[in-house]
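Notes to accompany the following structure.
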Amino acid sequence: MNNEAFSVLSEEEAQEFKAIAARIIPTDETPGATEAGVIYFIDNVLADDREAEHEILYNGMRELQVAAARGFNAAYFFELEPEQQDQLLREVEESPFFGTMRFLTIAGMFSLPEYGGNRDKIGYKLIGFEDRHAWQPPYGSYDADYAERGE
Amino acid sequence: MAQANNSQPSYPTREEVDFVIVGSGAAGGVMAKELSVAGFSVVVLEQGPHLQAADFKHDEWGYDVNNDLTWGARKGHPQTFRKTVNDTAETRESVLGYAHNVGGSSVHFSGNFWRFRPIDFIEASVRGPIAGTNFADWPITYDDLEPYYTKVDWEVGVSGLAGPWDPPRSRDYPCPPLPVKSSDVLLERAAKQMGYTPYPAPVAILSQPHNGRPGCIHCGFCNGYGCEVNAKSSSMASMIPLALASGNCELRTGCTVSRVNTDESGRANEVVYWEEDGTEQAQRAKAVVLCANGAETPRLLLASASSQHPDGLANSSGFVGTNLMFNGYSTAVGLFDEPVNAYKSVPATRVMHDFYELDPSLGFYGGGGIDARHFSAGKPMEMALSGGVLGGPSWGSEYKKNLEKEFTHTAAFDGHTTSLPLATNTVTLDPNVQDKWGRPAMRTTYTDHPDDIATMKFFYEKTMELLDVAGATKSAGFYAENGQEGNVHLLGTCRMGNDPSSSVVDKFNRSHDVENLFMVDGSSLVTSGRGQPTMTIMALAFRAADNIIQSARRGEI
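Residue numbers (the numbering used here), protein chains in the order written: chain A, 1 to 151; chain V, 1001 to 1557.
What follows is the structure, given as structure tokens:
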């Protein structure tokens, strides 16, 4: 991506966390965490009094790198193929480290863009959510049908 | 600290005002308006800021994670929780949740307003006592409160449709029901097919202009959020402006109350508080009304202990902080073939109360109501965090692909149920943990009664059945099988009663022990009702205000 500076993440952390986020919400037929700028959200919120979470993520990253070396002879998680990355992540799926990454990735996808993620409202578009402030009925199929039938 | 366009009086702290009101929430807002419009000098002390319509945003990260409105440990207000007195209390981000701002939790509530029914006030007599609980009758009946429920309808602003499903009412609703949502059409059709009677949900959200406020724009962010157009009838939108317009009310925001002091004769005479910068002040008063909610009011009384009141102010009964009740809750989420879009508009437009009182032959006490909602209250981030709720992976490409259907093609049928009052469910002062002001943190000791859990389970099963009848292609449901560990309904902790040995306030919300001290908020409730207690809290506040005004004019306070 571009060279926007991070406030608390090191270059290495940014690369690795970005790669993990890209497996949690991948880029496929539709944009994912990478396009939404989730890594910038993560940097912002960790900077907001979240040293404990940052430590969990850092330690988890190191363990993941050990697994990458052992399993695939790679120094970094981000160097691996997607299938290899998924395999390693599945092994730590139940861990507080993965739980925290998943939480921050999803939050970064769907929070207000002012926190650094959800760029161009990519997240909202993904789920069919128009962030409008006003609606009128009919809202969905069933109430449209209900009104038509005069129930 | 911008105020509304009215010029407020500026009462010197060392001169008595008629009333100091602690808390500007559902009850405090009503109190402030009634007393100041009646001509009394009123100071309202509110710990939070005066957020108004233009301040609110659809900010999930801010409100639900950072707790910008509900202030938890991150903002210097930790709480502790334990299930029983034999467990060690753990520090948590929050346990008893409420919004810290003018209007309190009435700013972020869902707006569902259910009157109690006649049975709620006399249920202990009708059912008989329940062993191991403080199940008791109220000192008032539905008929005593009905005129005040009607006042809430018209002055605060409630939309609904009168019908045979309602408890008796002396007047119609001021506004018609909001337009039905797809989620509620699904509920209504299934419920009718099963022989039940769903009806338009009464809500404290204006469907059309009323009292100078506009009708709802259906933005979908009611629950947990402030209304951006003042259509939701918080006390901030409906009551506070009238209080300020009276010219008698001074609203001091950013003021955190630490204690209520009494004089040698035992009367309350001043309220001590910190301003935002830490300066301590003490406002003298002829009478004090605590409306700080069912968590903070008992906390304040306990913290106001003195040599005259060693167990806490107004606590000769020992009941201050006990009988803590939440309401119970169950949810069943169903996937449907067509768009439901329950994320639009207000949380619920239909409700059914066919199970208000469960058949005693089931072997447990309880009852509740069922309505239809969006399973994450229409919030994208929360929905995605619980993604995979209908089975399916919780991360990866397939997870991502399922998100759209989960957001737009689901409806949740929710049960809202009773909680029993137990002497062992309490709010107390934690001996070890303190908040940013150095006050003992609130410690919650809470275990749901087995009947409460059985009731939640009944509603979970019933709503799963309804989803099936409604044609859901997939479904999944939840209820707190292992008991709840926190809530935003904070009830029962300074209950009303005729007997001073088993209640904290009398039937007019006056303390049994301190003749010029009143408590009216969620703490006043004797029984939990079937959910949605704010309506009853506001009605109690109108009634208490009515009696306080009459007593004060007779020189009886």
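Glycine is no exception: its CB is placed at the ideal position from the N, C-alpha and C atoms. Only a predicted model underlies this, so the values are computations on that prediction, with no experimental measurement involved.
| Query | Result |
| --- | --- |
| Excluding the 5 residues flanking residue 1010(V) on each side, which residues of the same chain have their C-beta closer than 8 angstroms to its C-beta? | 1250 |
| Helix, strand or coil for residue 1018(V)? Go by DSSP, reduced to three states. | strand |
| Do the region 1325-1339 of chain V and the region 1406-1422 of chain V meet, that is, are 3 or more Cβ pairs less than 8 angstroms apart? | yes |
| So the candidates are 1480(V), 1432(V) and 1459(V); which of them puts its Cα closest to the Cα of residue 1447(V)? | 1480(V) |
| Taking the straight line between their C-alpha atoms, what separation do you get for residue 1536(V) and residue 61(A)? | 52 angstroms |
| Got a sec? Which residues, its chain only, sit under 7 angstroms from residue 1388(V) by beta carbon, not counting five neighbours each side? | 1394 and 1399 |
| Does residue 1548(V) come out as helix, strand or coil in the three-state DSSP assignment? | helix |
| Who are the Cβ neighbours of residue 1519(V) in its own chain at under 7 angstroms, not counting the five residues just before and after it? | 1290, 1297, 1494, 1504, 1505, 1509 and 1511 |
| Which runs of the alpha helix (DSSP H) fall wholly inside the region 1353-1422 of chain V and span at least 4 residues, in chain order? | 1380-1385 and 1397-1408 |
| Residue 1431(V): buried (16+ other C-beta within 10 angstroms of its C-beta) or exposed? | exposed |
| To the nearest angstrom, how far is the alpha carbon of residue 40(A) from that of residue 133(A)? | 26 angstroms |
| For residue 991(V), count neighbouring C-beta atoms within 10 Å of its own C-beta (all shown protein chains included) and say buried if the count is 16 or more, exposed if not. | Absent from the model: residue 991(V). The displayed extent of chain V is 1001 to 1557, so no value can be given. |
| Residue 971(V) to residue 1020(V), Cα distance in whole Å? | A question about residue 971(V) goes unanswered here, because the residues of chain V that appear run from 1001 up to 1557. |
| What residue range is occupied by the uninterrupted alpha helix (DSSP H) comprising residue 1456(V)? | 1450-1470 |
| With distances taken Cα to Cα, identify the nearest neighbour of residue 1161(V) among 1153(V), 1152(V) and 1173(V). | 1173(V) |
| Buried or exposed for residue 1315(V), going by 16 or more other Cβ atoms inside 10 Å? | buried |
| Compare the beta carbon distance of residue 1223(V) and residue 1377(V) with 8 angstroms and say whether it is the shorter of the two. | yes |
| Would you mind telling me which residues of chain A sit closer than 7 angstroms to residue 1182(V), beta carbon to beta carbon, in chain order? | 139, 140, 141, 142 and 143 |
| Would you say residue 1407(V) reaches chain A, if we count a Cβ-Cβ gap shorter than 8 angstroms as a contact? | yes |
| Strictly under 8 angstroms for the Cβ-Cβ distance: is residue 1077(V) near chain A by that measure? | no |
| Just to confirm before moving on: does the CB-CB distance between residue 1102(V) and residue 1036(V) stay below 8 angstroms? | no |
| Please identify, using Cβ separations under 8 angstroms, the residues of the region 1040-1063 of chain V that lie next to chain A, in order along the chain. | 1057, 1058, 1059, 1060, 1061 and 1062 |
| For residue 1005(V), which of helix, strand or coil comes out of DSSP? | With a pLDDT of 49 at residue 1005(V), under the threshold of 50, the predicted position of this residue should be treated as unreliable, though the coordinate-derived value follows. Three-state DSSP puts residue 1005(V) in coil, outside helix and strand. |
| On the three-pair Cβ rule with 8 angstroms, is the region 1537-1546 of chain V touching the region 1302-1317 of chain V? | no |
| Label residue 1193(V) either buried or exposed according to how many other C-beta atoms from any shown protein chain fall within 10 Å of its C-beta, with 16 as the threshold for buried. | exposed |
| Evaluate residue 1359(V) with the Cβ neighbour count: other Cβ atoms within 10 Å of its Cβ, from every protein chain shown; 16 or more gives buried, anything less gives exposed. | exposed |
| Identify every run of the beta strand (DSSP E) within the region 1480-1530 of chain V, keeping only runs that are complete inside it and at least 3 residues long; order them along the chain. | 1517-1519 |
| Going by CA-CA distance only, name the one from 54(A), 84(A), 52(A) and 127(A) that's closest to residue 67(A). | 84(A) |
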